[in-house]
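Novice: Heads up, our numbering is the position in the sequence shown plus 255, with the first residue counted as 1.
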Amino acid sequence: MYPILIIGGGPTGLTTSLSLSHQSIPIPHLLLEKHPSTSIFPKVVGLNARTIEFFRSLGLQEDILGVSAPPETVSQTGWYTSLAPDGGGKGKEVFTRDAWGGGVYRGVYEGVSPIPGGYMVCPQIRLEPVLFGRARKRIPGGVRNCAEVLGVEELGDRVRVRVRYTNPRSSAGEEKGEEKEVIEEAKYVIAADGGRFVADALGIKMQGERDIANMVSAHFRAPISLYHPNLHALITWFIDPELGGSIHTGFMYHVGPYPSTPENEEWIFACALLPHEKVSGFDENAMLERLHRTLKIPGLEVDLKSISHWNINAIVAERYRSKGGRAFLVGDAAHRIPPWGALGLNTGVQDVQNLVWKLGIALNAQGTREEEKLHRWLDTYEEECKPLAHHVAEISLSDFHNVRSLQAYLDKTNPNGYELRVNIADVQKILDREFCALGFEVGWFYPSCDIDNEGARTRHGGQLTEDSEFDITTYHPSAIPGHHLPHADWVHVEVVVPESGPGEVDWAELNEVENNGAVLVRPDGIVLWRFREPDGVFDKAREEPGRFARRLLGIDGRDWMVKM
């Protein structure tokens, strides 16, 4: 019987495997993935600073950086009527702005994280092979492809999973290889299957807005860079009233490989179906027709690699943990979020970071008097992550509606457009919610951790506005319990102490403690407690965590500290 069984081998599932292998005492586990290889469609693109920090802690930052887009190619976003040649120039530009830590935002992004640039763009077809290769090395034989889960059943102290393993085809003429069904058992199951099976099997329903728009995407190869007027733009939005404008006209972004040339560059084009169009009739020919109609590049040769149909949803699971307590949902299995703001995968990675260290503690307590209490303590995963997912879904959905609402401003054929364009500051503020959302990318927090209610007295260090709304665009560093430990430079000596240099942020001031105060931080980087008083702080740091563990977990603090 495995301690952990992961269902799903996409980015979230593979990150879960890597995190389990990276614990101080690596946790044995099995990962099951239905498909024979990593994703062939480049869905995910943006990785924010919190996600990259976690990947760095797993030793992955340099590998991911090596397959990510050069920062100068993803520093802006722009709106265009098309990419058609216009006299001696190229496509007609409507509006361009800096985004994702590029241009005017570079200094702000770099100041909140040790990650260079504070943001990376890495399409899923580039990211997954890195995660897959590392996961297989860290747990040989523990990552299994061609493994379809057919059933999940909780049996008190364990979970039984029925799996159909399919061997690769032995010859080109065979449709399928040899199949066999096997029963696997585990103490806990982590569902990272994108909501395709496990949630339904466990009777967990999704709540929220479904089927908001019917979308179709194309992954293609074409020399777009020869015609694009701005090679700094990651996302190119198209405005054509004849096609309905906004997402009906479509948007496009590059997906590598990096570095790329006109001969090998790949792109994604996506658009919403028009009212008269049906999914069943939107085949490769229809997609090529739409693509040429939107881009308007004469004679463009397009190598269409694949098309994908999908719906925009903003839904969150009613529970993150099964009724039997032995299965947990992470990533898209727990929440399916509109792509606006690129928060889906980033939220899934935070799910993993929150859950895995807690599972490690619970598993280490097996056979002790604290086992049952720590098993119940795992409920804190849902208590902390589910409210955040609801908030992320709301913000992403709002970003989607904002893009639609800006159609009149961006469409220069609209007779009312001039008045709207005059008030460009308001438009920029709306767009900042998606393209410079630093406050939400790194400033999120878990209110339930703030058991002394410090945040209520300070609006969580300013991260909440006077109207109690989340400040999406500005990050307010805070060491209030439940917040992520703010970034500051450190120097390692016998006792770890902060050092401030010219122009650097003072660590004690940033964390609102005295120079010899202390901050207690969880393994996932979340502040658990802080000690402001200078007198005897290290004696207190040895004594107080035990009391705090009893207060939080209802267990013996000394046992808890040993298990940490």
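For each residue, glycine too, the CB sits at the ideal point set by N, CA and C.
Computed from a predicted structure; not experimentally measured.
Please determine, among I282, T267, T270 and S276, the residue with the shortest C-alpha to C-alpha distance to A617.
Specialist: Start at 1 with the first residue of the sequence shown, and residue 617 comes out as number 362. The shortest Cα separation from A617 among I282, T267, T270 and S276 belongs to I282.
Novice: Could you say which of P736, E689 and E649 lies nearest to D707 if we only look at CA atoms?
Specialist: The residue you call residue 707 lines up with position 452 of the sequence shown. The shortest C-alpha separation from D707 is found at P736.
Novice: Nearest by alpha-carbon distance to R413: which of I280, P514 and V444 is it?
Specialist: Residue mapping note: residue 413 aligns to position 158 of the sequence shown, counting from 1. Minimum Cα distance to R413 is reached at V444.
Novice: How long is the line joining the alpha carbons of L686 and S653, rounded to whole angstroms?
Specialist: Reading the sequence shown from its first residue, position 431 is the one you call residue 686. Reading the sequence shown from its first residue, position 398 is the one you call residue 653. Cα to Cα, the separation comes out at about 11 angstroms.
Novice: Could you give the DSSP three-state label for L693: helix, strand or coil?
Specialist: Here residue 693 refers to the residue found at position 438 of the sequence shown. It is helical.
Novice: Per DSSP, what kind of secondary structure is G586 in: helix, strand or coil?
Specialist: Within the sequence shown, numbered from 1, the residue matching residue 586 stands at position 331. Helix, per DSSP.
Novice: Report the three-state DSSP secondary structure of M542 (helix, strand or coil).
Specialist: The residue you call residue 542 lines up with position 287 of the sequence shown. In this structure, M542 counts as helix in the three-state DSSP scheme.
Novice: Taking one C-beta from the region 637–655 and one from the region 698–715 each time, how about it: are there three or more such pairs within less than 8 angstroms?
Specialist: The region 637–655 vs the region 698–715: in contact.
Novice: Is K551 buried or exposed, if buried means 16 or more other CB atoms sit within 10 Å of its CB?
Specialist: Translated into positions along the sequence shown, residue 551 becomes position 296. When all chains shown are included, K551 counts as buried.
Novice: Could you name the residues of the same chain whose beta carbon sits closer than 7 angstroms to that of H290, not counting the 5 residues immediately before and after it, in chain order?
Specialist: By one-based count along the sequence shown, residue 290 stands at place 35. For H290, where only same-chain residues beyond five positions count, the Cβ hits under 7 angstroms are N400.
Novice: On a CA-only basis, which of F452, Y508, N469 and A692 is nearest I479? Give me that one, please.
Specialist: Looking up residue 479 in the sequence shown gives position 224. When each option's Cα is compared against that of I479, the closest is Y508.
Novice: Going by DSSP, name the residue or residues bridged to W522.
Specialist: Along the sequence shown, one-based indexing puts residue 522 at 267. Paired residue(s): F475 and H509.
Novice: What's the call for V404, buried or exposed, on a 16-neighbour Cβ count within 10 Å?
Specialist: For the purposes of this step, residue 404 is taken as residue 149 along the sequence shown, with counting starting at 1. So V404 counts as buried.
Novice: Below 6 angstroms CB to CB, which residues in the same chain sit around N568 once its five sequence neighbours on both sides are set aside?
Specialist: The sequence position of residue 568 within the sequence shown is 313, counting from 1. Excluding residues within five positions, the ones whose Cβ falls inside 6 angstroms are R465 and R591.
Novice: Work out the CA separation of P395 and T267 for me, nearest whole Å.
Specialist: Against the sequence shown, residue 267 aligns to sequence position 12. Against the sequence shown, residue 395 aligns to sequence position 140. Taking the straight line from one Cα to the other gives about 19 angstroms.
Novice: Just list the beta strand (DSSP E) runs in the region 359–429, keeping only unbroken ones of 3 residues or longer that don't cross its boundaries, in chain order.
Specialist: If we require 3 residues or more, the beta strand (DSSP E) runs fully inside the region 359–429 come out as 374–376, 402–409 and 414–421.
Novice: Taking contact to mean at least 3 C-beta pairs separated by less than 8 angstroms, is the region 316–331 in contact with the region 605–617?
Specialist: Judged by Cβ distances under 8 angstroms, the region 316–331 makes no contact with the region 605–617, as fewer than three pairs qualify.
Novice: Between L740 and the rest of its own chain, which residues show a CB-CB distance below 6 angstroms, the 5 nearest in sequence each way excluded?
Specialist: Here residue 740 refers to the residue found at position 485 when the sequence shown is read from its first residue. Same-chain partners within the cutoff: V776, G780 and V782.
Novice: When the distance is taken between beta carbons, is L559 closer than 9 angstroms to M542?
Specialist: As a first step, residue 542 is located in the sequence shown; it is residue number 287 there, counting from the start. As a first step, residue 559 is located in the sequence shown; it is residue number 304 there, counting from the start. Cβ distance < 9 angstroms, so M542 and L559 count as in contact.
Novice: For A304 and W565, what's the separation of their Cα atoms in angstroms?
Specialist: Taking the first residue of the sequence shown as 1, we reach residue 304 at position 49. Taking the first residue of the sequence shown as 1, we reach residue 565 at position 310. One C-alpha to the other measures close to 28 angstroms.
Novice: Throw me the rounded Cβ distance for the P872 and I380 pair, which I believe falls under 8 angstroms.
Specialist: The displayed coordinates of the chain run from 256 to 819. Any statement about residue 872 would go beyond what the structure contains.
Novice: Does DSSP classify F493 as helix, strand or coil?
Specialist: In the sequence shown, residue 493 corresponds to position 238, counting from 1. Three-state result, F493: strand.
Novice: Is it true that the CB of V607 sits closer than 9 angstroms to the CB of A525?
Specialist: Locating residue 525 in the sequence shown gives position 270, where the first residue counts as 1. Locating residue 607 in the sequence shown gives position 352, where the first residue counts as 1. Against a cut-off of 9 angstroms, the Cβ pair of V607 and A525 comes out as no contact.
Novice: Is G694 closer than 9 angstroms to F655 when the C-beta atoms are compared?
Specialist: As a first step, residue 655 is located in the sequence shown; it is residue number 400 there, counting from the start. As a first step, residue 694 is located in the sequence shown; it is residue number 439 there, counting from the start. It is not a contact, given that the beta carbons lie outside the stated cut-off.
Novice: Measure from the alpha carbon of K347 to the alpha carbon of each residue in D353, L338 and T491, then state which is nearest.
Specialist: Looking up residue 347 in the sequence shown gives position 92. Nearest option by C-alpha distance: L338.
Novice: Does DSSP put P642 in a helix, in a strand, or in coil?
Specialist: Taking the sequence shown and counting its residues from 1, one reaches residue 642 at position 387. P642 falls in the helix class under three-state DSSP.
Novice: For A488, count neighbouring Cβ atoms within 10 angstroms of its own Cβ and tell me buried if that reaches 16, exposed if not.
Specialist: As a first step, residue 488 must be located in the sequence shown, where it is residue number 233. Looking at its Cβ environment, which holds 16 or more other Cβ atoms inside 10 Å, A488 is buried.
Novice: Please report the residue range of the beta strand (DSSP E) in which E348 lies.
Specialist: Counting from one through the sequence shown, the residue named residue 348 turns up at place 93. Unbroken beta strand (DSSP E) run through E348: E348 to D353.
Novice: Does the Cβ of P517 have 16 or more other Cβ atoms within 10 Å, making it buried, or fewer, making it exposed?
Specialist: To locate residue 517, count along the sequence shown from 1; it is residue 262. Flag for P517 reads exposed.
Novice: For G615, I'd like the list of residues in its chain whose CB is within less than 7 angstroms of its CB, leaving aside the five on either flank, ordered along the chain.
Specialist: In the sequence shown, counting from the first residue as 1, residue 615 sits at position 360. If we look at G615 and ignore the five residues flanking it on each side, its Cβ neighbours are Q278 and I282.
Novice: Alpha helix (DSSP H) containing D318: first to last residue?
Specialist: Translated into positions along the sequence shown, residue 318 becomes position 63. Note, D318: alpha helix (DSSP H), Q316 to L320.
Novice: Taking the Cβ atom as the reference point for each residue, do I562 and D538 lie within a distance shorter than 9 angstroms?
Specialist: Taking the first residue of the sequence shown as position 1, residue 562 is located at position 307. Taking the first residue of the sequence shown as position 1, residue 538 is located at position 283. In this structure, D538 lies closer than 9 angstroms to I562 by Cβ.
Novice: Taking the runs of the beta strand (DSSP E) that are 3 residues or longer, which of them lie wholly in the region 265–296?
Specialist: List check, beta strand (DSSP E) in window: 284–287.
Novice: Measuring CA to CA, which of G717, E721, H738 and S723 is closest to T729?
Specialist: Residue numbering aside, residue 729 sits at position 474 when the sequence shown is read from its first letter. When each option's Cα is compared against that of T729, the closest is G717.
Novice: Return the chain-ordered list of same chain residues with a C-beta closer than 8 angstroms to the C-beta of Q331, the five sequence neighbours on each side being excluded.
Specialist: Working through the sequence shown from its first residue, we reach residue 331 at position 76. Hits under 8 angstroms: T351, R352, D353, A354, G357, G358, N485, H487, A488 and L489.
Novice: Taking DSSP's pairing of strands, which residues face A441 in a bridge?
Specialist: Within the sequence shown, numbered from 1, the residue matching residue 441 stands at position 186. In DSSP, A441 forms a bridge with Y257 and V414.
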